[in-house]
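Notes follow once the structure below has been shown.
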Amino acid sequence: MIFKQITRKNYFFSVRFFSSILKDRYGFVAPSIPIPQSCSPNSSEVNGNQKRKKNKEPYRPPSSLDMTGKKIIHSNLPFDFRFSYTESNPNVKPIGLREPKYSPFGPGRVDRAWTGVCAPAVDPVLKSVEGDVSNDAEKKLEQWRSRRKMIIGELLAPAERAFLIEKCQKNRTKRQVNLGRDGLTHNMLNDIHNNWKHAEAVRIKCLGVPTVDMKNVCNQLEEKTGGLIIHRHGGQIILFRGRHYNPKKRPVIPLMLWKPHEPIYPRLIRTVIDGLTIEETKEMRRRGLAVPALTKLAKNGYYASLVPMVRDAFLTDELVRIDCKGLPTTDYKKIGVKLRELVPCILVTFQKEQVVVWRGKDYNSNAHIKSEQKSFSLVSKTDESTEKSLTDISTHNSGCFIHDQSSDTEDLEMDPRIEGNVNSQCSSEECS
1 MIFKQITRKN YFFSVRFFSS ILKDRYGFVA PSIPIPQSCS PNSSEVNGNQ
51 KRKKNKEPYR PPSSLDMTGK KIIHSNLPFD FRFSYTESNP NVKPIGLREP
101 KYSPFGPGRV DRAWTGVCAP AVDPVLKSVE GDVSNDAEKK LEQWRSRRKM
151 IIGELLAPAE RAFLIEKCQK NRTKRQVNLG RDGLTHNMLN DIHNNWKHAE
201 AVRIKCLGVP TVDMKNVCNQ LEEKTGGLII HRHGGQIILF RGRHYNPKKR
251 PVIPLMLWKP HEPIYPRLIR TVIDGLTIEE TKEMRRRGLA VPALTKLAKN
301 GYYASLVPMV RDAFLTDELV RIDCKGLPTT DYKKIGVKLR ELVPCILVTF
351 QKEQVVVWRG KDYNSNAHIK SEQKSFSLVS KTDESTEKSL TDISTHNSGC
401 FIHDQSSDTE DLEMDPRIEG NVNSQCSSEE CS
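In UniProt numbering, the protein residues as written are 1 to 432.
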């Protein structure tokens, strides 16, 4: 370091000496020694280069919430948009919400307001006193039903129906829509229409809590999709799209981007059961947990036989216990609500993963006998025609189709319009 400093001083001294001699002799001033400038950010060249460079915009992944250059989605469907159509009852109003009213369709994507429970087809805010909201809703429903009849067209013949059933079996196709514990969700409607692009009928597999009330599942499927159920065996449903269905003219169904939180409903189990005292309710809960279990429910099983089992048990016992160990809490609570409405009965307790129900003081065991007799007679009439059509197709296809004739009375249910067509054809065959 000392040597470097000495050499620098001698260098500057010699330059000054020679520059003074040149000035005296020739009047020439030596130029200053070019000293390399340090790369400081204050220099003008560096600032110029920085101005020329444009900062790259940060990467933004594509998002469905970005509505730049997109139009608001409008749907002509006449019903209210809900997360689940089978597991929610529009007649029961909640007492509160668990989150603000964020629309699960995304902010500004749909022209329907989210009320925290549903997105109504008609604006709930009254804009004018003269306008009647109920008339508009009824008109839309009538248009939807008339359009559904036009799309379905003529009723299927037994041979056509059997051919579609055979085509949707597991050994023929893998196309299937699964209906689980959430029931018929809003996004499932889009899945069904996507399957109808490539096939005339789609197979739907139902398991879990919604199978307690399969009649409600079938009604909601037909109403919300516009199709027709042509076959049901257990939890397997085959939904026909209609003769005049056009995939290009399918209804607009906006998708839900996330699952909304369920609202707050009143408590299912009260501290005191109506008509009893506190001591009697405590004693009933203690006896209910000691009663032998009627059945043990498996997780994601088929529960269509649960309601008739409870009705039969109430003929001899006033308390029924259902073992629900291993099931989620929300599942067996929903099962209890369905039993309360369908049996009907009174919920006693959900303790220790058990559903205990009481038949009540004024239980009428003869209320459901007539409905069961009607369903049995309907099935007995339709079995004969289906067996004939299936045997004809099996002989034509060299025995490639095998029909399971062992089915319960609640497993086979047909549309009454198909039943009338089948009976008329059977009567004509007998006459001939």
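Glycine included, C-beta positions come from ideal geometry on N, C-alpha and C.
What you are looking at is a predicted structure, and each value in this text was computed from that prediction instead of being measured.
Secondary structure at residue 231: strand, using DSSP grouped into helix, strand and coil.
When the alpha-carbon of residue 148 is set against those of 175, 249, 58, the nearest one is in 249. Beta-bridge partners assigned by DSSP to residue 264: 96. Selection 151, 301, 324, 116 evaluated against residue 180 yields 301 as nearest (Cα-Cα). Under DSSP, residue 358 shares a beta bridge with 319, 346. Segment contact: the region 199-207 against the region 99-117, fewer than three CB-CB distances shorter than 8 Å; contact not assigned.
Close CB contacts of residue 176 within its chain, under the 6 Å cut and outside five residues either way in sequence, are with 203, 205 (chain order). The three-state secondary structure of residue 81, taken from DSSP, is strand. Cβ neighbours of residue 191 within its own chain (closer than 8 Å, five residues either side excluded): 177. In its chain, beyond the 5 residues on either side, 166 have a beta carbon closer than 8 Å to the beta carbon of residue 172. The closest CA to that of residue 236, considering only 245, 215, 223, 247, is found on 215. Under the three-state reduction of DSSP, residue 273 is assigned to coil, being neither helix nor strand. Counting only runs that start and end inside the UniProt domain "CRM" (154-252), the beta strand (DSSP E) elements of at least 3 residues fall at 177-179, 201-206, 228-233, 236-240.
Residue range 293-296 is occupied by the beta strand (DSSP E) that includes residue 295. Under the three-pair Cβ rule at 8 Å, the region 279-298 counts as touching the region 319-329. About 5 Å separates the Cβ atoms of residue 291 and residue 319, confirming a contact at the 8 Å cut-off.
DSSP, read as helix, strand or coil, puts residue 119 in strand.
Looking at the DSSP output, residue 102 bridges to nothing.
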